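Colleague: First residue of the sequence shown? That's 92 in my numbering, and the numbers climb one at a time after it. Please read through the structure below; I'll follow up with questions.
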Amino acid sequence: MILVVLENQRGKIHPFSIEAVAAGQKFANELGLELSILCMGENVDELKDQASNFKTNNLIIAKHDLITMYSADGYSKVLSDVIREHKPKFTLLGHSYMVRDFLPRVSGKLNMPFVSDIISVDFNNGNPLFSKQVFNAKLATNIQTSADNSLLSFQSAAFSSDDIEMGGADSTIDFNVELNEVDIKSTSEPEFQESSSGVDLSTAELIVSVGRGIESEDNLPIAESLAKSLGAEIASSRPVVDMGWLPPYRQVGSSGQVVSPKLYFSVGVSGAIQHVVGMKGSKNVIAINKDEDAPIFEIADYAVIGDLMEIVPKLTEALNSSS
Ligand SMILES: Cc1cc2nc3c(=O)[nH]c(=O)nc-3n(C[C@H](O)[C@H](O)[C@H](O)COP(=O)(O)OP(=O)(O)OC[C@H]3O[C@@H](n4cnc5c(N)ncnc54)[C@H](O)[C@@H]3O)c2cc1C
């Protein structure tokens, strides 16, 4: 069996979990195994309603008063019990903050390997090879597990939610959760958000990202006006944050946020690897850069070679006059 664990995000399935479902369906097809999707913990009824549309063999529901609020102790105990009972070959989750918090405990409790933050999978005739980044994303390495059961977490955009097959579950299983107050030894702080202002770029559908090509803080309104016209969030490369022109939660990249919007509109960003690892899952990339050899053009769907100071205001004006 392949088991996918869903995470709640303010009453909805976390986007990383939706990608994990796409991964689970692919694993099940490639390896000829059954697929089960686990709904547990916070907002479990909402998760179940939304998950009931996904094509899967089983929907497993783990409901208990002691996990209506997230705690690493509660979640790791329940998931460990589900894995003990159902023995999935691979248990798949999105590499979210919550998963980073509780999944290592499951790995420890079950003495089970955990391959984290996977960026791609080669199914390799039934012996999957997992690729993950090392040395601050300068290299990628392949990992294979020889264990009967393993835990896997996926970096945003390793799989695409567009590939999900709908069709519903063949059966629903109510898992008998055994949990006592003594099992919960710690309480968690409120859900982590990237910033106190609540900006979560990881779920933004449209992003205008500004790089050092903007030259000065005084020119930022050029990019901000474009973002406003598109209804997009503003983001940036690291130098823009380092210079204090935008707050740190706007930074995209290996030391910033990982994003996968429908449109990533990059203006004056060179496309260094540390930036690209944070946005390569974008569905469409438009890049404006005056250097035709800028690395960002290697992953751009639409390349505009020219001066952003001239192009962006005209584009914004055209967008505003057409709306
Ligand atoms: C450990 C480590 C972690 C890092 N983490 C991150 C990270 O999380 N995110 C990140 O972004 N970077 C990160 N970096 C930095 C990264 O290596 C790059 O230095 C950075 O991404 C470059 O930002 P940039 O593209 O805005 O600037 P530059 O590399 O200076 O590029 C500016 C670009 O703008 C273009 N340009 C200039 N003027 C114009 C104009 N008028 N019109 C059009 N184009 C113009 C230039 O041709 C150039 O391509 C990290 C580095 C290290 C060592």
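In this text, a Cβ means the ideal position worked out from N, Cα and C, and glycines have one as well. Bear in mind the structure is a predicted one, so any value in this text is a computation, not a measurement.
Quick check: is any heavy atom of ligand 1 less than 7 Å from the C-beta of M131?
Modeller: no
Colleague: Among V169, I390, A238 and D261, which one has its Cα closest to the Cα of L354?
Modeller: The residue from V169, I390, A238 and D261 with its alpha-carbon nearest to that of L354 is I390.
Colleague: Counting Cβ pairs closer than 8 Å, one from the stretch 265–278 and one from the stretch 301–309, do we hit at least three?
Modeller: no
Colleague: Count the other CB atoms within 10 Å of the CB of R341; is the residue buried (16 or more) or exposed (fewer)?
Modeller: buried
Colleague: Using only the heavy atoms of ligand 1, determine whether one of them is closer than 7 Å to the beta carbon of D392.
Modeller: no
Colleague: By DSSP, does N380 sit in helix, in strand, or in coil?
Modeller: strand
Colleague: Hey, would you say G62 sits closer than 8 Å to E137, going by beta carbons?
Modeller: Shown here, the chain extends from 92 to 414; a query on residue 62 therefore has no answer.
Colleague: Could you tell me the alpha carbon to alpha carbon distance between L183 and V331, rounded to whole angstroms?
Modeller: 35 Å
Colleague: I believe I152 touches V173 by the beta-carbon criterion, under 8 Å. Please report the beta-carbon distance rounded to the nearest angstrom.
Modeller: Their Cβ separation, rounded to whole angstroms, is 10 Å, which puts I152 and V173 out of contact at 8 Å.
Colleague: Can you give the Cα-Cα distance for H128 and W336, rounded to whole angstroms?
Modeller: The residue asked about is misnamed: residue 128 is Ile in this sequence, not His. Cα-Cα distance, rounded: 43 Å.
Colleague: Looking at the structure shown, is Q246 part of a helix, part of a strand, or coil, going by DSSP?
Modeller: coil
Colleague: With distances taken from CA atoms, which of T232, V273, N218 and S252 is nearest A238?
Modeller: N218
Colleague: With H, G and I counted as helix, E and B as strand and the rest as coil, what does DSSP make of T278?
Modeller: Residue state, collapsed to three classes: coil.
Colleague: Verify the contact flag: A326, CB atom, against every heavy atom of ligand 1, threshold strictly below 7 Å.
Modeller: Remark: the C-beta of A326 is outside contact range of ligand 1, defined as less than 7 Å to any heavy atom.
Colleague: Please list the terminal residues of the continuous beta strand (DSSP E) segment that includes S262.
Modeller: Looking at the DSSP string, the run of the beta strand (DSSP E) that includes S262 is A260 to F266.
Colleague: Can you tell me where the beta strand (DSSP E) with K223 in it begins and where it stops?
Modeller: Start and end: L220 to V225.
Colleague: How is T294 classed by DSSP in three states: helix, strand or coil?
Modeller: helix
Colleague: Which residues in the same chain have their Cβ closer than 7 Å to the Cβ of S211, if we skip the five residues on either side of it in sequence?
Modeller: S222 and A249
Colleague: Compute every distance between the C-beta of V290 and the non-hydrogen atoms of ligand 1, then say whether any falls below 7 Å.
Modeller: Not one heavy atom of ligand 1 lies closer than 7 Å to the C-beta of V290.
Colleague: Is Q416 near ligand 1 - that is, is its Cβ less than 7 Å away from at least one heavy atom of it?
Modeller: Since the first residue of the chain shown is 92 and the last is 414, residue 416 is not available in this structure.
Colleague: Could you check where the alpha helix (DSSP H) with T407 kicks off and where it finishes?
Modeller: Run containing T407: L399 to S413, per the alpha helix (DSSP H) assignment.
Colleague: May I ask whether a heavy atom of ligand 1 can be found less than 7 Å away from the beta carbon of I379?
Modeller: yes
Colleague: Just list the beta strand (DSSP E) runs in the stretch 320–393, keeping only unbroken ones of 3 residues or longer that don't cross its boundaries, in chain order.
Modeller: 324–327, 354–358 and 375–380
Colleague: Quick check on this structure: which residue in F145, T232 and G322 has the alpha carbon closest to the alpha carbon of A111?
Modeller: F145
Colleague: Could you check what DSSP says for D239 in three-state terms: helix, strand or coil?
Modeller: coil
Colleague: Is the closest heavy atom of ligand 1 to the C-beta of A385 under 7 Å?
Modeller: When distances are taken from the beta-carbon of A385 to the heavy atoms of ligand 1, the shortest one is below 7 Å.
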